[in-house]
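Student: Residue numbers (the working numbering), protein chains in the order written: chain B, 1384 to 1636; chain R, 162 to 781. Take a look at the following structure, please.
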Amino acid sequence: MESWIEFGRGPLFRIAFSLMLLGLARIFALTVLGLVEAYGRSSDKIVNWREVRNQTIAWLFPMNRLWRKRPVYSTISFFFHLGLLLVPLFLAAHVLLWKRAAGFAWPALPQRLSNYLALVAIVAGLGLFSGRFLYPAARKLSRRQDLAWPLLLVLPFITGYVCSNLAIRPTTYDAMMLVHVYSANLIMLLIPFTKIAHCVLAPLSQIVTAMAWKFPAGAGDRVAATLGHADRPTWVKNSRMVQAAPADEVSAK
Amino acid sequence: MNRVRRLKFVLWSLLGLAASVAVPRFLFGLGASTNLSDANPWGVWIGFDVMAGVALAAGGFIVTATVYIFKLDRFHAVVRPAVLTAFLGYAAVAISLLFDLGLPWNIWHMMVFWNPHSPLFEVGWCVMLYLAVLALEFFPVPAEDFPRLAKVRAVLVKARLPLVILGIGLSTLHQSSLGSLFLIMPYRLHPLWYSPILPLLFLVSAIALGISMVIFESHVTAYLYRRQPESEVLASFAGASRWVLLIYLAVRFGDLLVRHQAGQLLAFDWRAAIFWFEVAAMAIVPIALFWTSRVRQSRAGQWATASLVVFGVVLNRIDVGGVAHLRPDGAFYLPAWTEIAISVGVVSAAVLAFLFMVERFRVWERRPADPEQDPLKLPEFDAVDDTWLGVPGIAARTTYSMAFIIAAAFGFGFLHVEAAETRGLEPIPVHQARGGRDILWIDGNLDGFGVTFKHVEHEKREGAKQSCVKCHHMNLPRDEGTACSRCHGDMYLPSDSFRHDWHASPSGGRVACYQCHARGQARTAATAVACDKCHKDLVPAGAAIKVKQYRAVAYTEAMHRLCIGCHVKKAKENKKPEMTRCDWCHKDKRQVIDSREIVLRRRGLTGINVVLPPPDAGGK
């Protein structure tokens, strides 16, 4: 088991981590390239850049907008993100690992604070999952990855919390650490290829929306054709919502 | 996926692998990322990338000479691809050199600090100038597509003949002087390859290779883009190539006869075998094949024979560049996978650039139909947010970039730990001092240079049993007089004398985290319980050296600090200043131990070429 942990912390971590960084860089570059091309191809080049900028900044803090409609969801989501970002990056033990392997490090959070943040992330993650699972409307809209991600993200937090706080035997510790390391590696491997890529794409989301107005005529029909709905008119308002039945089909693409 | 796409996919993956290797190469240097050493500074990057790369690009000057000097206009169809290949080939050589040079940012030095006595100086200048000439020769082709560049293009077209003449001059100069480089090492290069006319051999084989490369390349691209190769032109080239190869064969064997080295041909060793394999592949078999008219006329025959020549000449360059070198016993070099990845990556980049140029500009008479355009293809969507952003400029860039990053990530993952995380020094484990209690032979890295330490004599002089703690300042549990190497475990790097992971491991110390680390606090060395809480006998009473942390200094440092400190004191007391000199302890007696073991242990300790006396002469 120890050699498996070593593999997970050594070569596998290097693969997963570099794939995450390169993959995020790639998806960002591809999106920017696509935007530039779409802009170049558009007939109408007028974009309200100031509005795009304001919207982008406003959406980086979802509490502002979502607070009015879905206060519980947006609060949980905010705290989930808080724990998700701060704990892996600023946990003292992780900082120490960086210092040992790479020779550089950054200030760490106090242990007590990171413990609380980890607990918050675990509770919030489970809350988000049950929200998606229990509400029929939310479950209809959810893709498989929407349901799987909160659970997968919570896994390393639970095991990490157990490892760093509970009095357990070394064998149990190793088992927990194995799950911790491999689930974290899996997360890093999947990030650039799933919806978690929003961690770098979020600043672009409003530009994408702005550009979507500049698409050449007929773009919507081509989208429908690719999704296998060439016969369905694209102008139906909220077509996904109205015809709920093939929603799975749409998401499976 | 069609042929071109599949090839590009593979090439992008290889490029990704090379990119991952390039990071430790430039961050941590050659020692950390390659198998190159001071004893073997020229590896596959020189043998393949530079030596073979320059030769592979010889097609440029041969075809331009044929068309523009000898005015054989029917060969015009192959001029542009040949010049492009030459240009990209030389660019690849230059890039490989940047990898191979220990201080790549000093590459400009040869332009300012002249050493006209060195063939390498000439090669460097020629390659640099010829790269510029090739760029100017090829520039009119892409310029066709840009009306703004029409004037520049017109000037360059007018200057074509002088450029071609200059190019031929430079090519012949450095193709041959790549051979001259090895004239300096008559005792290192095996006599089957070493020859005073090595420059001539290189030039003739480069001409043969250049011609074959044109044939080879034309057929490969014909396969990729499903176009007709210039078969008739190529047949004439094949006809010419057999004569050049015949001349080469005659010169090569004649040279062996004149040098009285022909006996080596029948020697029963692997070098002779490689020689025969090389000569058969590059000359004997191709001559026989190209002499048959049917082979010369057929596509398959042309392609197979030309590939054979290309393979043979590349092998020849690699042999001269390294394989055929006579090495001192045990100095063995096999390229690391990282070196091969860089070589392959540079070639991939060149091929990708070639394919791009061919698709984008009028390199051939007819531009190939864009293999990536498929009128029936449905639009692609952004993988993440499902938006359609139109047909991308570089088709399939999603696929290629995916190939690139996945290969790069795996490259990072499988880099040697030292290559990825080192700070310059390779770890060299220390071996315990050997001998009885009376006299110890201290030679931590077993390189044969060591110190005889009169243990008992020191002990008596310092006060019998009471003297132990003057040196032995820490003991393993239930041990006394623990050997230095148990904690000072590396020759030149500090090592971990505590071994945290062993303590925590279920198969080791079986100590749970909370037994050392307080709850609710970050688990660091600062918050842990002190060692002597459990290990009562860790530090012997009256130990002269107080240890404050778990990091043990390097073995050499520990030894030097301990011995020199005391020797300086005693030298003053006893008025014996020679006691502080290096040779008081380091007597320079070469101990005879198995030479192979030395080489194995010596990895990383480069620069010292140990020459061993015969076993019976030891100790003198």
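By construction, the Cβ of each residue, glycine as well, lies at the ideal position given by its N, Cα and C atoms.
R:Ala569 versus chain D: which residues are under 7 Å apart at the beta carbon?
Tutor: Annotation note: the requested chain D is absent from the structure, which comprises protein chains B and R.
Student: Please go through the same chain and pick out, in chain order, the residues whose beta-carbon is closer than 7 Å to the beta-carbon of B:Val1564, but skip the five residues on each side of it.
Tutor: Locating residue 1564 of chain B in the first sequence gives position 181, where the first residue counts as 1. Excluding residues within five positions, the ones whose Cβ falls inside 7 Å are Ile1388, Gly1391 and Arg1392.
Student: Can you tell me the Cα-Cα spacing of R:Asp416 and R:Tyr355, whole angstroms?
Tutor: Indexing the second sequence from 1 puts residue 416 of chain R at position 255. Indexing the second sequence from 1 puts residue 355 of chain R at position 194. Going from the Cα of R:Asp416 to the Cα of R:Tyr355 covers about 10 Å.
Student: Kindly identify the DSSP beta-bridge partner or partners of R:Ser562.
Tutor: Start at 1 with the first residue of the second sequence, and residue 562 of chain R comes out as number 401. BP columns for R:Ser562 are empty, so no partner.
Student: Which of the residues in the segment 495-507 of chain R, read from start to end, lie with their CB under 8 Å from any CB of chain B?
Tutor: Under the 8 Å Cβ criterion, the segment 495-507 of chain R contributes no residue.
Student: Which residue marks the beginning of the beta strand (DSSP E) containing R:Val612, and which one marks its end?
Tutor: Against the second sequence, residue 612 of chain R aligns to sequence position 451. Here the beta strand (DSSP E) through R:Val612 covers Val612 to Lys615.
Student: Going along chain R in order, which residues have a C-beta closer than 9 Å to the C-beta of B:Ala1476?
Tutor: Position 93 of the first sequence, counted from the first residue, corresponds to residue 1476 of chain B. Neighbours of B:Ala1476 on chain R, chain order: Ala683, Arg684 and Thr685.
Student: Rounded to whole angstroms, what's the CA-CA distance from R:Phe248 to R:Ala461? Just pull it up for me.
Tutor: Against the second sequence, residue 248 of chain R aligns to sequence position 87. Against the second sequence, residue 461 of chain R aligns to sequence position 300. If you take the alpha carbons of R:Phe248 and R:Ala461, they lie about 27 Å apart.
Student: Report the rounded CA-to-CA distance for R:Met346 versus R:Phe187, giving the unit in angstroms.
Tutor: Indexing the second sequence from 1 puts residue 346 of chain R at position 185. Indexing the second sequence from 1 puts residue 187 of chain R at position 26. Rounded to the nearest angstrom, the two C-alpha atoms are 30 Å apart.
Student: Who pairs with R:Asn712 in a beta bridge, going by DSSP?
Tutor: In the second sequence, residue 712 of chain R corresponds to position 551, counting from 1. The question names Asn, but residue 712 of chain R is Arg in the sequence shown. Paired residues: R:Asp657.
Student: Quick one, which of R:Ala510, R:Tyr494, R:Gln458 and R:Phe438 has its alpha-carbon nearest R:Val475's?
Tutor: In the second sequence, residue 475 of chain R corresponds to position 314, counting from 1. Nearest of R:Ala510, R:Tyr494, R:Gln458 and R:Phe438 to R:Val475, Cα basis: R:Phe438.
Student: Report the CB separation of R:Leu620 from R:Ser628 in whole angstroms; it is logged as a contact under 8 Å.
Tutor: By 1-based counting over the second sequence, the position of residue 620 of chain R is 459. By 1-based counting over the second sequence, the position of residue 628 of chain R is 467. This sequence places Glu at residue 620 of chain R; Leu is not what is there. Right, the Cβ-Cβ distance comes to about 6 Å (below 8 Å), so this counts as a contact.
Student: Helix, strand or coil: how does DSSP classify B:Arg1453 here?
Tutor: Indexing the first sequence from 1 puts residue 1453 of chain B at position 70. Correct three-state label for B:Arg1453: coil.
Student: Can you confirm whether B:Thr1554, when its beta carbon is compared against all beta carbons of chain R, has any partner nearer than 8 Å?
Tutor: Walking along the first sequence from the start, residue 1554 of chain B turns up at place 171. Taking Cβ atoms only, chain R reaches closer than 8 Å to B:Thr1554, which makes this a yes.
Student: Along chain B, in chain order, which residues have C-beta atoms closer than 7 Å to that of R:Cys674?
Tutor: For the purposes of this step, residue 674 of chain R is taken as the residue at position 513 of the second sequence. The contacting residues are Tyr1556.
Student: Can you list the residues of chain R that B:Gln1494 reaches, using a CB-CB cut of under 7 Å?
Tutor: Position 111 of the first sequence, counting from 1, holds the residue named residue 1494 of chain B. Neighbours of B:Gln1494 on chain R, chain order: Gly681, Gln682 and Ala683.
Student: Determine the DSSP secondary structure at B:Pro1629, reduced to helix, strand or coil.
Tutor: Start at 1 with the first residue of the first sequence, and residue 1629 of chain B comes out as number 246. In this prediction, B:Pro1629 scores a pLDDT of 46, lower than 50, which makes its location untrustworthy; the coordinate-derived value is nonetheless stated afterwards. If DSSP states are grouped into helix, strand and coil, B:Pro1629 belongs with coil.
Student: According to DSSP, which residues form a beta bridge with R:Trp602?
Tutor: Indexing the second sequence from 1 puts residue 602 of chain R at position 441. DSSP output for R:Trp602 lists R:Arg595 and R:Thr613 as bridge partner(s).
Student: Identify whether R:Leu353 lies in helix, strand or coil by the three-state DSSP scheme.
Tutor: Start at 1 with the first residue of the second sequence, and residue 353 of chain R comes out as number 192. Reduced to three states, the DSSP call for R:Leu353 is coil.
Student: Which residue wins for smallest C-alpha separation from R:Trp206, given the options R:His237, R:Phe436, R:Gly263 and R:Val700?
Tutor: Residue 206 of chain R sits at position 45 when you count from the first residue of the second sequence. For R:Trp206, the nearest C-alpha among the options comes from R:Gly263.
Student: Give the interface partners of B:Arg1392 over in chain R, defined as CB-CB distance under 9 Å, in chain order.
Tutor: Within the first sequence, numbered from 1, the residue matching residue 1392 of chain B stands at position 9. Going along chain R, no residue has its Cβ under 9 Å from B:Arg1392, so there is no contact; the nearest lies around 11 Å.
Student: Is the CB-CB distance between R:Arg403 and R:Phe451 below 8 Å?
Tutor: What you label residue 403 of chain R is simply residue 242 of the second sequence in a count that begins at 1. What you label residue 451 of chain R is simply residue 290 of the second sequence in a count that begins at 1. Against a cut-off of 8 Å, the Cβ pair of R:Phe451 and R:Arg403 comes out as a contact.
Student: My guess is that B:Ser1497 and B:Phe1462 are in contact by the Cβ rule of under 8 Å, so how many angstroms apart are they, rounded?
Tutor: For this step, residue 1497 of chain B is matched to residue 114 along the first sequence. For this step, residue 1462 of chain B is matched to residue 79 along the first sequence. Wrong, their Cβ atoms sit about 14 Å apart, outside the cutoff.
Student: Does R:Thr453 pass the burial test, meaning 16 or more other C-beta atoms within 10 Å, or should it be called exposed?
Tutor: In the second sequence, counting from the first residue as 1, residue 453 of chain R sits at position 292. So R:Thr453 counts as exposed.
Student: Using the three-state DSSP reduction, which class does R:His237 fall into: helix, strand or coil?
Tutor: Position 76 of the second sequence holds residue 237 of chain R. Helix.
Student: List, in order along the chain, the chain B residues whose C-beta lies closer than 7 Å to that of R:Pro185?
Tutor: In the second sequence, residue 185 of chain R corresponds to position 24, counting from 1. Under the 7 Å cutoff, chain B gives no residues; its nearest Cβ is about 11 Å from R:Pro185.
Student: What separation, rounded to the nearest whole angstrom, lies between the Cα atoms of R:His793 and R:Gly220?
Tutor: One cannot answer for residue 793 of chain R here, as it falls past the ends of chain R, which runs 162 to 781.
Student: Measure the Cβ-Cβ separation of R:His634 and R:Ala570 and say whether it is below 8 Å.
Tutor: If you number the second sequence from 1, residue 634 of chain R lands on position 473. If you number the second sequence from 1, residue 570 of chain R lands on position 409. Not a contact, by the Cβ cut-off of 8 Å.
Student: Given that R:Thr560 touches chain B, what residues does it touch there, using C-beta distances under 9 Å?
Tutor: If you number the second sequence from 1, residue 560 of chain R lands on position 399. Ordered by position in chain B, no residue passes the 9 Å Cβ test against R:Thr560, which lies about 11 Å from the chain.
Student: Would you mind reading off the limits of the alpha helix (DSSP H) that contains R:Tyr348?
Tutor: Walking along the second sequence from the start, residue 348 of chain R turns up at place 187. Where R:Tyr348 is concerned, there is no enclosing alpha helix (DSSP H), given that its DSSP letter is neither H nor E.
Student: By the criterion of Cβ-Cβ separation under 7 Å, what are the contact partners of B:Ile1551 in chain R?
Tutor: Here residue 1551 of chain B is taken as the residue at index 168 of the first sequence, counted from 1. Within 7 Å Cβ-Cβ: Ala673.
Student: Can you list the residues of chain R that B:Ile1398 reaches, using a CB-CB cut of under 7 Å?
Tutor: Stepping through the first sequence from its first residue, residue 1398 of chain B is reached at position 15. Those are Ala570, Phe571, Phe573 and Gly574, listed as they occur along chain R.
Student: Relative to the C-alpha of R:Asp662, which residue among B:Asp1557, B:Lys1597, B:Asp1604 and B:Pro1586 is closest?
Tutor: Counting from one through the second sequence, the residue named residue 662 of chain R turns up at place 501. Ranking B:Asp1557, B:Lys1597, B:Asp1604 and B:Pro1586 by Cα distance to R:Asp662 puts B:Asp1557 first.
Student: Judging by CA-CA distance, which residue of B:Ala1593, B:Ile1505 and B:Ala1567 is the nearest neighbour of B:His1477?
Tutor: Here residue 1477 of chain B is taken as the residue at index 94 of the first sequence, counted from 1. The residue with the shortest Cα to Cα distance from B:His1477 is B:Ala1567.
Student: Please compile the residues from chain R whose C-beta is within a distance smaller than 7 Å of the C-beta of B:Ala1531.
Tutor: Counted from its first residue, the first sequence places residue 1531 of chain B at position 148. Near B:Ala1531 there are no residues of chain R at all, since even the closest Cβ is about 16 Å away, more than 7 Å.
Student: Look up R:Pro588 in the DSSP assignment and say whether it is helix, strand or coil.
Tutor: Taking the first residue of the second sequence as position 1, residue 588 of chain R is located at position 427. In the structure shown, R:Pro588 sits in coil (DSSP, three-state: anything other than H, G, I, E or B).
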